[in-house]
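Asker:
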Amino acid sequence: MPRLLPWTTDGKRCLLSTDDAGGYLSRLADEMEAEQLAMGEDVLREARKVLDAPLSPYAEVRYAGLRLAECLRDALRVAESRGMRLQHPSEEAAESTAQGADEASA
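Here the sequence shown is numbered in our numbering, starting from 246 and rising by one per residue.
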């Protein structure tokens, strides 16, 4: 199953086709996803300060909004990537049935 990577090339999606979740690129992607989510928490914390202050300058509010939009984009990409890697219940049932049949015939 291909994995959606947490970075893009010229705005295009990057997919990694591998069965090795512990491979170099998979580990790098895991680390980058964790960093993106942590950065999103930091940006949200700082943006709240600006957005909670009624007299914040327009430029600061705009900057906070732009950074929040970037973090939301990254978080949505992480969620999509992780969702793609989850097995659907029908796939899990088929896999466990196949394993049971293999064990019974052995």
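Beta carbons are placed, not taken as given, at the ideal position from N, Cα and C, and that holds for glycine.
Tell me the residue span of the beta strand (DSSP E) that contains leucine 249.
Answerer: 247-254
Asker: Following the continuous alpha helix (DSSP H) through leucine 331, name the residue where it begins and the one where it ends.
Answerer: Looking at the DSSP string, leucine 331 is not in any alpha helix (DSSP H), and its letter there is neither H nor E.
Asker: From leucine 300 to lysine 294, what does the alpha carbon distance come to, in whole angstroms?
Answerer: 11 Å
Asker: When DSSP labels each residue in this structure, what does leucine 300 get in the three-state scheme?
Answerer: coil
Asker: Taking the alpha-carbon positions, what's the valine 306 to alanine 292 distance?
Answerer: 8 Å
Asker: Kindly give me the distance between the Cβ atoms of proline 251 and glutamate 286, rounded to whole angstroms, as I take these residues to be in contact under 8 Å.
Answerer: About 16 Å; that fails the 8 Å criterion.
Asker: Compute the beta-carbon to beta-carbon distance between arginine 258 and leucine 249, rounded to the nearest angstrom, for a pair I have assumed lies under 8 Å.
Answerer: 6 Å
Asker: Cβ atoms of alanine 283 and leucine 296: under 8 Å apart, would you say?
Answerer: no
Asker: Give the C-beta separation of valine 288 and arginine 312 to the nearest angstrom, bearing in mind that I take them to be a contact with Cβ-Cβ under 8 Å.
Answerer: 5 Å
Asker: Given that a residue counts as buried once 16 or more other Cβ atoms are within 10 Å of its Cβ, and exposed if not, what is aspartate 319?
Answerer: buried
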